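Quick note: the sequence shown uses this note's numbering, first residue 7, plus one each step. C-beta: ideal position from N, C-alpha, C; glycine also. Since the model is a prediction, treat every value here as computed from it, not as a measurement.
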Amino acid sequence: MASEWTQYDAKVVGTGSLGTRFKIKADEPDSSAKTVKIYWEAWLTANPAAGYYDAAEGTPCDLFLGQNQVYNKRTVFDLRNGLSEQKIAEGSHTVSYSEAPNGSITFSWTFDGRAYWDQIKQPTIISGKFQLPELTVDYTPTTDKAEYMLGEPVIITTNAPSAEYTHDISYLSQGKTQTDIQKGVTDRVQWTVPEDEVLQAPTTTFFNLTIKVDANKDGKVLFSKSLTIKVNIPEDVKPKLKYLFAFERNEKVKELGMKLGTHLRLISKVRVSFNSRELAKGTSISKAIVRIKEKPEYTLYSDDIKEFFLPPLPFPETGIEEITLQGAIVDSRGRMSEWIERKIKVLAYSPPTIGAITPIRSGDTVLMKRNWSVSSIEPEGPGSEKNTATLSFFVRPQGGEWTENTGANATALSGKDSEATLLGTFPGNAYFEVKVRLSDKLATVEAGPFNVPTEGFPVSVSSNNKVGINKLVDKNGAQVQIRGAGDVMELDSDTFPALIFKRTGKDVAKMGVIHQWAVDNLAFIFQNYMSNTWFRIGKDFVVNGRIVAYDTPLDHGKTNKSLDNVPSGFNRIQDGSPKKEEHWSLSQTWLSASGAEGFQIAWMPVKNDAVLYRRTKKGGVWKPWKEF
7 MASEWTQYDA KVVGTGSLGT RFKIKADEPD SSAKTVKIYW EAWLTANPAA
57 GYYDAAEGTP CDLFLGQNQV YNKRTVFDLR NGLSEQKIAE GSHTVSYSEA
107 PNGSITFSWT FDGRAYWDQI KQPTIISGKF QLPELTVDYT PTTDKAEYML
157 GEPVIITTNA PSAEYTHDIS YLSQGKTQTD IQKGVTDRVQ WTVPEDEVLQ
207 APTTTFFNLT IKVDANKDGK VLFSKSLTIK VNIPEDVKPK LKYLFAFERN
257 EKVKELGMKL GTHLRLISKV RVSFNSRELA KGTSISKAIV RIKEKPEYTL
307 YSDDIKEFFL PPLPFPETGI EEITLQGAIV DSRGRMSEWI ERKIKVLAYS
357 PPTIGAITPI RSGDTVLMKR NWSVSSIEPE GPGSEKNTAT LSFFVRPQGG
407 EWTENTGANA TALSGKDSEA TLLGTFPGNA YFEVKVRLSD KLATVEAGPF
457 NVPTEGFPVS VSSNNKVGIN KLVDKNGAQV QIRGAGDVME LDSDTFPALI
507 FKRTGKDVAK MGVIHQWAVD NLAFIFQNYM SNTWFRIGKD FVVNGRIVAY
557 DTPLDHGKTN KSLDNVPSGF NRIQDGSPKK EEHWSLSQTW LSASGAEGFQ
607 IAWMPVKNDA VLYRRTKKGG VWKPWKEF
């Protein structure tokens, strides 16, 4: 620390009121160079009332600092005109502490007035010792390493130049509270970071620790310096698990009464429980992991360790498979526990399956050909069956209420093409429907309804003049009703096979292979008699050599028409896919006066560019499209 001015005064003998003054001070020491810069000033003082003083030619003066003469010259002064003091010399000098025993340096200022006035018989000298500021030794405490493992000793070295310096060493506990390590240390101290300091690092595998060193000398604190070390948490500081359990949580599976640790393919709901877990100090659980040892692709993660459920297990397809569940937890530092294991058994299981169900009429009786299967569940091998099957049949007249018909019921686990006759009679001129229900102890499925065929009718006519071909006509159905399997209608001609459309007795349009060109070129043609134009129906959609997609008045633009509401003619429609792709259809529609009944023929490339489709309208509702 820099010092203030120190002042010394003396009278010049023989002058009465003339005196000399010397001032000295020190700058801040240079600790590294061990030097200090000294500043000095020399003054003359006088009483103006007693006379005046001046020396135009100068008076010899000199200054010694220690052994060094730092000033020596004739000095001019002028104390006339009422001046009472005047600075006559000043300067600075750098002093080495090696030249200053006990931290002080001698000085001697000489003002020799004999050359100025013969009454002065001797020089005036001001001398003494000037105490230099205390030199603070600059040194930095260190640790033996920058990085430690928790539990490893830390050696703190003061690096003090001598035993005169003592040190109070502390650290910031958990980054906040200053806690002593040791006081009065001169050389070094060995210290181990307390284990509780891991609380600083709940989410990382290391933490930084601040060590503070206060240097003292003669009861004064010279400086305080801080050191930072990195402390790593050992890899074995991680969570621990002791037990892993697996519990069945599907109530229906539990009701089967199987042993603990036995589960079913696809349907079991397996809850995994972690017991007796121990977390590393300062951490929390981040997530839990469960995997199947034999099938590593089944690895699951969960943030909720209390409710950890496995997904439905898609194995085995047959028999029993033993698998090993492995569980672990991960803490907030990302450290994972060791795997613990639990073996479980998984039995093959599939939901009940109803196969082909075929009603076969024989007069007034109906024979049911049945196919079904229910999974066998034998956890302890043959003879330990836990499952049952119930095959049930329900019958109704068309539009009526369902009633159970026990004639074809069964309880066997499976049946292939087995036959049983329904109870009761079924008149051949009436419509009936059958549905099937199959249940085991875990699930229920249904199939149907299946139509019970009426007796064969080549042609039938209803009271409202509707026609059935190869079926008993339904008076509520379409005007023309056809039943058949596979090809239900054939156009055969020695000339050109075609469908002719009429209205009020006049030909409106013709569709088919309607002239030789079409025969030769395997082209399907639609001819409109009203406009006397024809359309070659092919991949290019050509009308008289032009693309029909851009040359028809029935273009509905971007309207989202569906195949259920297009009118007669060519129609541009959009499908229901996300891409909203555009397609074309060609259709012809016949409707009753009320519009509630109708018949429609259409060619729809969006479905199949090689097939014509037909459908009927009944009760104001279009039936599904069927292929010709």
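Legend entry - Beta bridge counterpart(s) of Lys246 as assigned by DSSP: Glu284
Legend entry - Lys43 and Thr100 closer than 8 Å at C-beta: yes
Legend entry - Coil, strand or helix - Lys545 by DSSP: Confidence in Lys545 is poor, its pLDDT being 45 and thus under 50, which makes the residue's placement too unreliable to answer from.
Inset, instruction - Closer than 6 Å by C-beta to Leu429: which residues in its own chain qualify, once you throw out the five before and the five after it? Chain order, please. - result: Asn411 and Gly413
Inset, instruction - Determine the closest residue to Asn393 out of Gln404, Ala418 and Pro403, with distance taken between C-alpha atoms. - result: Ala418
Legend entry - Best match in Lys624, Val440, Lys422 and Glu241 for proximity to Thr2 [C-alpha to C-alpha]: There is no way to answer for residue 2, as the model of the chain reaches only from 7 to 634.
Legend entry - Stretch-stretch touch, CB-based, cutoff 8 Å, three pairs: the stretch 340–352 with the stretch 244–255: yes
Legend entry - Selected residue, minimal CA-CA separation from Thr185, among Ala166, Thr210 and Val219: Val219
Inset, instruction - Can you grab the Cα-Cα spacing for the pair Asp561 / Leu592, in whole Å? - result: Low local confidence applies: a pLDDT of 42 at Asp561 is under 50, so the model's placement there is unreliable, with the coordinate-based value given in what follows. When rounded, the distance between both Cα atoms is 11 Å.
Legend entry - 8 Å Cβ cutoff met for Val111 and Leu141: Residue identity check: residue 111 is Ile in the sequence provided, not Val. It is not a contact, given that the beta carbons lie outside the stated cut-off.
Legend entry - For Met374, the residue or residues it bridges with in DSSP: Pro365 and Ala426
Inset, instruction - Answer yes or no: do Val352 and Phe321 have a C-beta to C-beta separation smaller than 8 Å? - result: yes
Legend entry - Alpha carbon of Asn165 to alpha carbon of Ser290, nearest angstrom: 42 Å
Inset, instruction - Enumerate, from N- to C-terminal direction, the unbroken beta strand (DSSP E) stretches of 3 or more residues contained entirely within the stretch 255–305. - result: 268–270, 276–281 and 291–298
Inset, instruction - Look at Val278 and Leu331 and say whether their C-beta atoms are less than 8 Å apart. - result: yes
Legend entry - N- and C-terminal bounds of the beta strand (DSSP E) containing Trp46: Thr41 to Thr51
Inset, instruction - Identify every residue that forms a DSSP beta bridge with Arg620. - result: Ile607 and Lys632
Inset, instruction - Kindly indicate which residue of Glu323, Ser292 and Glu303 has the alpha-carbon position closest to the one of Asp309. - result: Ser292
Legend entry - Rounded straight-line distance, which links the Cα of Val494 to that of Gln404: 24 Å
Legend entry - Assigned secondary structure, Asn457 (DSSP; H/G/I helix, E/B strand, else coil): strand
Inset, instruction - Within 10 angstroms of the Cβ of Arg255, are there 16 or more other Cβ atoms? Answer buried if so, exposed if not. - result: exposed
Legend entry - Buried versus exposed call for Pro630 [16 or more other C-beta atoms within 10 Å across all chains shown]: exposed
Legend entry - Test item: CB-CB of Leu215 and Val191 under 8 Å: no
Inset, instruction - Just tell me which of Ala436, Tyr103 and Phe456 has its CA closest to the CA of Arg376. - result: Phe456
Inset, instruction - Please state if the CB of Met517 and the CB of Leu528 are separated by a distance shorter than 8 Å. - result: no
Inset, instruction - Give me the Cα-Cα distance between Met610 and Phe438, rounded to the nearest whole angstrom. - result: 34 Å
Inset, instruction - List the whole-angstrom C-beta distance separating Val143 from Pro167, where the pair is believed to meet the contact cut-off of C-beta under 8 Å. - result: 5 Å
Legend entry - Residues that Asp202 bridges to, as DSSP identifies them: Partner(s): none; Asp202 has no beta bridge.
Legend entry - First and last residue of the uninterrupted alpha helix (DSSP H) at Ala524: Gln522 to Asp526
Legend entry - Inter-residue CB distance, Gly601 and Thr595 (contact presumed, cutoff 8 Å): Gly601 to Thr595, Cβ: 10 Å. No contact.
Legend entry - Selection from Lys258, Tyr145 and Lys287 that minimises the alpha carbon distance to Glu203: Lys287
Inset, instruction - May I ask which residues mark the beginning and end of the beta strand (DSSP E) holding Glu154? - result: According to the sequence as given, residue 154 is Tyr; it is not Glu. From DSSP, the beta strand (DSSP E) with Tyr154 extends over Glu153 to Met155.
Inset, instruction - Mind reading off the beta-carbon distance from Lys31 to Ser9? Whole number of angstroms is fine, and I expect it under 8 Å. - result: 5 Å
Inset, instruction - Report whether the distance from the Cβ of Leu319 to the nearest heavy atom of the ligand PLP is below 7 Å. - result: In terms of ligand content, the structure shown is empty, and the ligand PLP therefore cannot be addressed.
Legend entry - Residue range of the unbroken beta strand (DSSP E) whose run includes Asn78: Asn74 to Asp84
Legend entry - Beta bridge counterpart(s) of Lys441 as assigned by DSSP: Phe400
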